[in-house]
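What follows is one structure encoded as structure tokens, with my remarks underneath.
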Amino acid sequence: AGGTPAIRFALDYPDRVKGLVLYCSAMPVNEKPDKYLEYQAPPEPLLSNYAMYLISPLMPLVMGMPASTVKDIMPIAERKEGVVIDGKVTNPDMERNFDEYPIEELKVPTLIVHSEDDNVASFKKVEAAKHRFPNLTLVTFPDGGHMMKGHSEEIDQTLDDFINKYH
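Using my numbering, the final residue of the sequence shown is 218, and nothing's skipped along the way.
Structure, rendered in structure tokens:
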């Protein structure tokens with residue numbers, strides 16, 4: 052849920068942003084959709100400690116994350132309200148308010164780092180939207196899932212290179 056507000060901030064306050072980094076992020080669509088999912092998050096019944104514990108063995112298959120991720124996000128009760136707000140407000144915002152996201156007008160350099168096997172934020176959407184970003188650096192990995200596991204050194208170097216190039 053961080054990509055949408057980061058893009059929004061970069062569009063609204065370009066003088067306060069030196070660069071935009073999108074790390075396995077949701078991407079803007081290319082045209083205003085006729086319809087879109089009003090809720091883009093895990094179903095509310097799954098947002099409990101017990102439910103997450105029960106589905107944790109499915110995390111690698113469904114989310115591309117290790118089952119142990121559930122331990123890192125516990126207790127769910129403290130995060131449920133934020134997840135629901137993201138699902139109803141933040142996540143669908145680029146589709147709901149398409150005209151308010153003129154990506155082509157971004158004034159800052161953008162770095163997109165994404166895994167091709169991300170089950171959470173589709174790489175196909177990166178491929179479809181990349182032409183909209185002016186001054187784009189795109190770095191992809193064939194594997195690693197949503198957390199880009201196994202690529203921390205390459206990501207660190209990519210971030211260093213991006214920062215050094217523009218600042």
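Built from N, CA and C at the ideal position, the CB exists for glycine as well.
Everything numeric in this text was worked out from a predicted model, so none of it was measured.
- Going by C-alpha positions, N100 is about 42 angstroms away from K158.
- Within the DSSP bridge table, the entry for H165 names T191 as partners.
- A straight-line Cα-Cα distance of about 7 angstroms links F174 and H165.
- For L71, the pairing in a beta bridge is given by DSSP as T161.
- Of the candidates G196, F60, A118, F60 places its Cα closest to the Cα of K69.
- In its chain, beyond the 5 residues on either side, S99, N100 have a beta carbon closer than 8 angstroms to the beta carbon of A128.
- For S203, the enclosing alpha helix (DSSP H) stretches over residues 203-217.
- Contact between the stretch 78-91 and the stretch 134-150 is present: 3 or more CB-CB pairs across the two stretches fall below 8 angstroms.
- Going by DSSP, E151 is part of no alpha helix (DSSP H) at all; its letter is neither H nor E.
- Here DSSP, grouped into helix, strand and coil, assigns A118 to coil.
- By the neighbour-count criterion, in which a residue is buried when 16 or more other Cβ atoms sit within 10 angstroms of its Cβ, P79 is buried.
- Minimum Cα-Cα distance from L73 among the listed residues E205, I58, N215 corresponds to I58.
- By the 16-neighbour rule on beta-carbons within 10 angstroms, M125 is exposed.
- Per DSSP, F174 is one residue of the alpha helix (DSSP H) stretching across 174-180.
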